[in-house]
Each structure stands twice: as structure tokens, then as C-alpha cells.
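Down below is the structure, laid out as C-alpha cells.
There are 2 protein chains.
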Amino acid sequence: MEQQASKHEQVKQHLHKEITEGNYEPGEKLPSEKRLCDYFKVSRVTVRHALQNLENDGFIYRKQGVGAFVSNQNYKSNLVRLTDFAEDMRQAGLQSSSRLIELKKVDPIKEVNEILDIRPDMKLIQVDRVRLGSGKPIAFDTTWLPPGYGQLLFDEDLTTQTIYNIIEEKYEIPINAGSYRITAANANKFISKHLKLSEGDAVLEIDRCSRTTGNKKVYFQKRYYNPTHVSYVMELSRTDESQGPSKQGLPLKEFSPRFAK
Amino acid sequence: MEQQASKHEQVKQHLHKEITEGNYEPGEKLPSEKRLCDYFKVSRVTVRHALQNLENDGFIYRKQGVGAFVSNQNYKSNLVRLTDFAEDMRQAGLQSSSRLIELKKVDPIKEVNEILDIRPDMKLIQVDRVRLGSGKPIAFDTTWLPPGYGQLLFDEDLTTQTIYNIIEEKYEIPINAGSYRITAANANKFISKHLKLSEGDAVLEIDRCSRTTGNKKVYFQKRYYNPTHVSYVMELSRTDESQGPSKQGLPLKEFSPRFAK
DNA sequence: TGAATATACTTGTTATAACATGTTGTTACA
DNA sequence: TGTAACAACATGTTATAACAAGTATATTCA
Chain A
1 MEQQASKHEQ VKQHLHKEIT EGNYEPGEKL PSEKRLCDYF KVSRVTVRHA
51 LQNLENDGFI YRKQGVGAFV SNQNYKSNLV RLTDFAEDMR QAGLQSSSRL
101 IELKKVDPIK EVNEILDIRP DMKLIQVDRV RLGSGKPIAF DTTWLPPGYG
151 QLLFDEDLTT QTIYNIIEEK YEIPINAGSY RITAANANKF ISKHLKLSEG
201 DAVLEIDRCS RTTGNKKVYF QKRYYNPTHV SYVMELSRTD ESQGPSKQGL
251 PLKEFSPRFA K
Chain B
1 MEQQASKHEQ VKQHLHKEIT EGNYEPGEKL PSEKRLCDYF KVSRVTVRHA
51 LQNLENDGFI YRKQGVGAFV SNQNYKSNLV RLTDFAEDMR QAGLQSSSRL
101 IELKKVDPIK EVNEILDIRP DMKLIQVDRV RLGSGKPIAF DTTWLPPGYG
151 QLLFDEDLTT QTIYNIIEEK YEIPINAGSY RITAANANKF ISKHLKLSEG
201 DAVLEIDRCS RTTGNKKVYF QKRYYNPTHV SYVMELSRTD ESQGPSKQGL
251 PLKEFSPRFA K
């Protein structure tokens, strides 16, 4: 039995669908609240609730006395998408693939076991991969998983699928949270070989730990990007008032990896 | 004549003040909506509007049937504060200072002039500084400004004041937007000397361009962080529903430089 | 004592209604 | 023709009201 969503949620989804399907041009005005009330046969409270949510998510913006308009940007407001390598590549117009270097069970690593919140004597599943964009090596990464999650990977094709995808879509383990650390490192012999760099060349290192329900750690990954191909770009901008000066910083409008070919 | 703020705004500000002043512990439950209605002598619509805004800003979270609670994080929701080195240091509990290496007028630099959107033959003001946290070198940065803005710096004490501060607070030129690029680089002889590193060591490079009203570029800066002292940390987390799976990525809860001593 | 149930309380949803405030286009007047 | 006043319309604010749904606590019964 399917749970019926609330009315404001239905209205939101309907409008969201129309926007993402391109039925409205960026900047185009949505029907007035009154019209939406009549169309959906709901009260103005409900319509405004839906519009409020769409505004919070950055799909529309509103002007008093004028109307609600579809945002011209395709930025996902404060949503950050750096979860999936394949997705990143797709957006950059590159074909994503991976070269599996190794998939093996390894002895516990003190630092990693602590991060993953598992017993210090528990073995780990380790995945080493080179990540390719249209055939060119973009990044090298090593992923560690607790055995419970790690064993899910042994029957999967890791050259075309991302770990994120296997975990979340095939096994329906939702990734609800993650922490990321961005730093710089010198490529060692192993990494530089795979990224076709010289030993000692600077690489962009991203450490991340993804968590599922109950803050349970699913995997920890160290990824090394070739900085000539990848950098992270951020756009901050105050649209208008917000309030006062920049005592609170600027709202993040975009944060994404940028790829150079 | 002072403009009277709306009631829900007053309620929000009142609660916000109490939260930031520490009258509520993180995780502590706020009074129920009913109580807030009675206390502020407003309707439930108004109270809920205020709570909704506080929730959007990340100061509280709510649980149906239970109540509203003060967030334990001091994250500024989707506001990102990486504008000011001094501020960053203060939050890390370190004393901020700068060592001015050079402040000079230099010949146009093709790449920089293009970024700053000024004529290719226009000279630039260049500021080289070592940024210190409690006396230890944390970063080296070079800033280029168009002569108009640059000349404002010649009478200022750049060892204690940040450029951002001088521009925005003293000359009241608001910084409304900025773009940032995070990448990795090998420290050259010059940089490594100032950061007490070895030549070739990897450093975290942040390029940023700050803009004022009308998207006018105010300055362009290249900053090199010692990665053993500084990395950028990001926290993404879905509080609850949002909607469906993570097709849209995760909301950013925190993004800030992290300092190790 | 332990589990099921009832109850009170809390937030979530939705409708109706009135007025405030901002915008735009039209109309009337100089 | 140009401007000022006005009307129509849009979103913003706020109150009242009722019910839905989730949670916690007290109560009852086995």
C-alpha cells in the first residue's frame, strides 16, 4: 500500500517535475498562487508551503507583488553533489570508467579501523582503482570497507559501476551523510605511475567517509586527483539583502569539481 | 524612522539571540509552539514561520510529536565563511598575524588582468604576505588588485589587518560574491622558504577572486597553505526525508578550513 | 512485573479569511 | 505629452480553527 504524500508535497513535486522537464524556461513566471490554488484545488497555505520548499531548494525565487520565477541557474542551492565519480564525469561530458587494480582482504589498519568505527583487529576489504575520464587517468583511489559491506563488492563489476551505486541502489543501503577532507599530497611512486605523473608531483587528496542510517560508517576512501585535470570550484554570492553585512559569510551557490581536458 | 520587522522575524531574532547567547544548551528542547504563542502573544502560524526559518538556517531541528531542539553544531547551514584569514584563525584559537613581504606596483600580468577584467596594459598592485597563526607560518599568499583599489592599501598596516577588512569595513566596499578554486601545487623555492618546507613539497592552493557590487572584481589572490596545518573539511548530511534517494546530492552542513597545530 | 491501552501533548497539514505591502498598467489631469 | 492618482493584482503577514500523525507517559489488566 503506497503512502499518500501530503498535498503540499504533491504540488511541489508536480511543479518540480514541470521545471526539470523544461516546461518552464529559466526566468519564466509561474502561475500566480491564486491560479495554482484553483488548479490543484487546494488552499493558499498549501500552495505557499510548496513554493516555500521549492524556493529553499533553489528551484524558484519569488518577488513580492510580482510572482514566482524559475531559477536560471541549475545550481542545486545548498546541495552538494560530489558523491559519485561517474556522475561528475557525465556532467563534465566525459565517459567514466575505472581500472580495477586490486580487490582484496587486508589486515587491519589502525587509522582506518578507527575512522570506520570497527574493532581494531577486524580485517578490511580494500579496493584500489584508477578512475578514468574518456580513457584518461583522472584519479587514483583506495577504498576500505568493513567486511560486511565489502563482501558485497566481490561479485560486482567495479570497472563500470561505482561503489556508491552498488551500495545504494543495488543493496538499498542509503548514504545519508559523509565527511570530506581536502588537502594536498605528493604523489608516491605507486600513485604517480597510475596517474602518469612524476614521483613527488602534487596531487589533490580527498579523504571521505560515507555513512548510512544511524551514522554507521560504510566506507572510507582516499582519492588522489591529478590537479591538472581536476580542481574544486566554489561560487559564493549574496543575491540581495540576506541581512546586514557579511558577518555570517556568504551563501554557497555552487561547489563542484571542475574538469579540464 | 526605524522599520518595524514582522512578528515572525521578531520571534526568530529573539530565539536566535537566546540560542547564540547560550541560554539554550545544544540539543536542548525549545518551548512548545503553544507556549511560544502564549509568550509572544502571536498565532501558531507566526511561531511556525519563525521556527521554519530557524530550521532552514540550521539553528534548530524539529521532530514531529516531540519538539524543536537547538542544533549541536555551530555550523552556519549553507553559509560559507572562508573570507577572512583572521576570522579563521580566531575560530581555530590561534592568533592571526601577517608578515608583509612586499607591497609594490607591478607590470600587467596577462592572466591576472583577464581575471580582474581590466585593460591588458594596466599595472597592478601586488601584495605578498606570509600568514601566521600564533607565530607559525600557515600560508603564503599573493594578492593582485587594480590600482584603484590597490592604492587604498599603501597607508594601511597589513601585518595586523586583512585586505578584506580594509576594503569592506574601512572603505565600505561590500564584498558580495567570490569564486574559489582549490587545487594542489608543488611549492617553489620562494614559497617553500617562507613556509619552512622543502622545495617541491605539496601545498594546498586556493585561488580566489572577490567581487563587489555589479560584479566588479576587487582583487585576485593565490594562497598556498601548508597542508600539514590546513585542510578543508566538509560535512554533508541529510537530516531526514528531503525526498527520495540522493539523486540531488546531500545538503552541505559545514565547510570550513581545519587547522592542525 | 510486563505488556497493552488509553490519554495527553507535540508537531504536521490544511482551510478560510482579512489585511499589508509591493508592482504594474491604466486613467485622468495639468 | 508627461506625470500623478488609482485600480487591479501579486505576494507577504497574521489569526483562527480543526484534524492528522507521531511521541511519551500514565494507567490498566493479565
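Sequence lines, in order, name chains A and B. Residue numbers for the first sequence, in UniProt numbering: 1 to 261. Residue numbers for the second sequence, in UniProt numbering: 1 to 261. From the three backbone atoms N, C-alpha and C, an ideal C-beta is built for every residue, glycine too. Treat the numbers as computed from the prediction; the structure is a model and nothing was measured.
- Here DSSP, grouped into helix, strand and coil, assigns Y24/B to coil.
- Distance from the CA atom of W144/B to the CA atom of V230/A, rounded to whole angstroms, is 24 Å.
- Taking the CA atoms as reference points, L116/B sits about 13 Å from G214/B.
- Here H49/B has H8 as same chain residues with Cβ atoms under 7 Å from its own Cβ, once five neighbours each way along the sequence are excluded.
- Residue contact with chain A for G148/B: absent (no Cβ-Cβ distance below 7 Å to any residue of chain A).
- Across the region 168 to 197 of chain B, CB contacts with chain A closer than 9 Å involve E168, E169, P174, I175, N176, A177, G178, S179, Y180, R181, I182, T183, A184, A185, N186 and A187, in sequence order along the chain.
- Listed along chain B are N56, each with a C-beta nearer than 8 Å to that of N56/A.
- Nearest CB-CB separation between G200/A and chain B: below the 7 Å threshold.
- Around the C-beta of N188/B, fewer than 16 other C-beta atoms lie within 10 Å, and the residue is accordingly described as exposed.
- Secondary structure of Q126/A (DSSP, three-state): strand.
- Going by DSSP, P147/B is part of the alpha helix (DSSP H) stretching over P147 to G150.
- Shown here for R223/A: same chain residues with a beta carbon closer than 6 Å to its own, the five before and five after excluded, namely A139, D141 and I206 in chain order.
- Excluding five sequence positions before and after R44/A, the CB atoms of its chain that fall closer than 7 Å to its own CB belong to E33 and C37, given in chain order.
- Ranked by how close their Cα comes to the Cα of Y149/B, the residues K136/B, R129/B, I125/B and G133/B have I125/B in first place.
- Counting only runs of 3 or more residues that sit fully inside the region 171 to 197 of chain A, the beta strand (DSSP E) segments are 177 to 186, in chain order.
- When the alpha-carbon of I101/A is set against those of V130/A, D121/A and D107/A, the nearest one is in V130/A.
- Beta-bridge pairing by DSSP links P137/B to L132/B.
- Per DSSP, C37/A has no beta-bridge partner at all.
- Nearest CB-CB separation between L204/A and chain B: below the 7 Å threshold.
- Distance from the CA of K193/A to the CA of E111/A, rounded to the nearest whole angstrom, comes to 25 Å.
- In the three-state reduction of the DSSP assignment, E205/A falls in the strand class, which pools E and B.
- Among the bridge pairs identified by DSSP, F220/B is matched with W144/B and C209/B.
- Contact with chain A is absent for E18/B, since none of that chain's Cβ atoms lies less than 7 Å from the residue's Cβ.
- Neighbours of Y232/B in chain A, taken as residues whose beta carbon is under 9 Å from its own, are Y180, R181, I182, T183 and Y232 in chain order.
- Here L195/A really is in contact with N226/A; their C-beta atoms are around 5 Å apart, less than 8 Å.
- When only Cα atoms are considered, Y219/A and D57/A end up about 28 Å apart.
- Contacts between P227/A and chain B, judged by CB atoms closer than 9 Å, involve T183, A184, A185 and E205 in chain order.
- Between Y24/A and V66/A, the CB-CB gap reaches or exceeds 7 Å.
- Exclusion of the five residues before and after D121/A leaves P108 as the residues of its chain whose Cβ lies within less than 7 Å of its Cβ.
- Annotation: I191/A to L94/A spans about 22 Å, alpha carbon to alpha carbon.
- Your pair L103/A and A68/A does not check out as a contact, with CB atoms roughly 50 Å apart and the cut at 8 Å.
- Residue contact check for E235/B against chain A: a CB pair falls below 7 Å.
- For V106/B, the enclosing beta strand (DSSP E) begins and ends at S96 to V106.
- Residue environment: F154/B is assigned as exposed (fewer than 16 neighbouring CB atoms within 10 Å of its CB, all protein chains considered).
- DSSP places V70/A in no alpha helix (DSSP H) but in the uninterrupted beta strand (DSSP E) bounded by G67 to V70.
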